[in-house]
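Novice: To start, I am sharing the structure in question, which I have written as structure tokens.
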Amino acid sequence: MELDPLQTLIEYEAIRNLKARYFRHLDTKDWASWTEVFEPEFDHEMEFEQQYIKGPREDFVKFVAEALTGVITVHHGHNPEIELTSPTTARAIWSFVDRLKPGPDAPLTAPTLVGYGHYHETYVKSAAGWRIKTQRVTRLRMDFAEGK
Numbered sequence: 009m010e011l012d013p014l015q016t017l018i019e020y021e022a023i024r025n026l027k028a029r030y031f032r033h034l035d036t037k038d039w040a041s042w043t044e045v046f047e048p049e050f051d052h053e054m055e056f057e058q059q060y061i062k063g064p065r066e067d068f069v070k071f072v073a074e075a076l077t078g079v080i081t082v083h084h085g086h087n088p089e090i091e092l093t094s095p096t097t098a099r100a101i102w103s104f105v106d107r108l109k110p111g112p113d114a115p116l117t118a119p120t121l122v123g124y125g126h127y128h129e130t131y132v133k134s135a136a137g138w139r140i141k142t143q144r145v146t147r148l149r150m151d152f153a154e155g156k
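Written out as structure tokens, the structure reads:
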């Protein structure tokens with residue numbers, strides 16, 4: 009599949025903006041806006057925790073919102089390898105660093121960690137724009153700290 013080079017760059021930038029919104033809404037705990045970055049039927053897999061969630065995006069967002077209750081997070085995505093697979097589908101791999109630190113309202117079991125890894129994602133473009141269809145998170149390293 010070959011798209012016009014200018015259109016390819018426009019689509020790449022739209023996908024980069026989507027991922028930027030993903031990180032911003034996640035870290036600001038804007039769950040309603042974060043829900044909108046995903047396709048209504050969304051698949052998520054987290055390799056290191058053997059976690060797999062498939063179905064309505066709302067189920068995934070609820071799971072993450074509960075897991076991050078009281079936790080301060082910072083996520084940074086870098087160096088996307090984006091490939092358009094059709095005019096309305098794409099895939100990408102993003103390097104990332106995430107930092108989690110329990111705030112005063114976090115449960116005692118909330119971790120303090122700095123993690124490094126990759127997001128492997130597929131995307132679909134519709135009237136709503138680009139959205140994440142599937143996501144697999146792989147970890148290279150996780151550095152944990154004790155307590156709050």
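Just so you know, the sequence shown maps onto residues 9 to 156 in my numbering.
Beta carbons are placed, not taken as given, at the ideal position from N, Cα and C, and that holds for glycine.
On the DSSP letters alone, give me the boundaries of the alpha helix (DSSP H) that Asp35 sits inside.
Specialist: Asp35 -> alpha helix (DSSP H) spans 13-35.
Novice: Give the DSSP-derived three-state secondary structure of Thr43 in the structure shown.
Specialist: helix
Novice: Looking at the strands, I want to know which residues DSSP matches up with Thr146.
Specialist: His126
Novice: Per the DSSP calculation, Thr137 is bridged to which residue(s)?
Specialist: In the sequence as displayed, the identity of residue 137 is Gly instead of Thr. Answer is Ser134, bridged to Gly137.
Novice: Rounded to whole angstroms, what is the Cα-Cα separation between Asp151 and Val72?
Specialist: If you take the alpha carbons of Asp151 and Val72, they lie about 20 angstroms apart.
Novice: I'd like the ranges of any beta strand (DSSP E) spanning at least 3 consecutive residues and lying wholly in the segment 42-121.
Specialist: Segments of the beta strand (DSSP E) lying fully in the segment 42-121: 46-54, 59-64, 79-94, 97-110.
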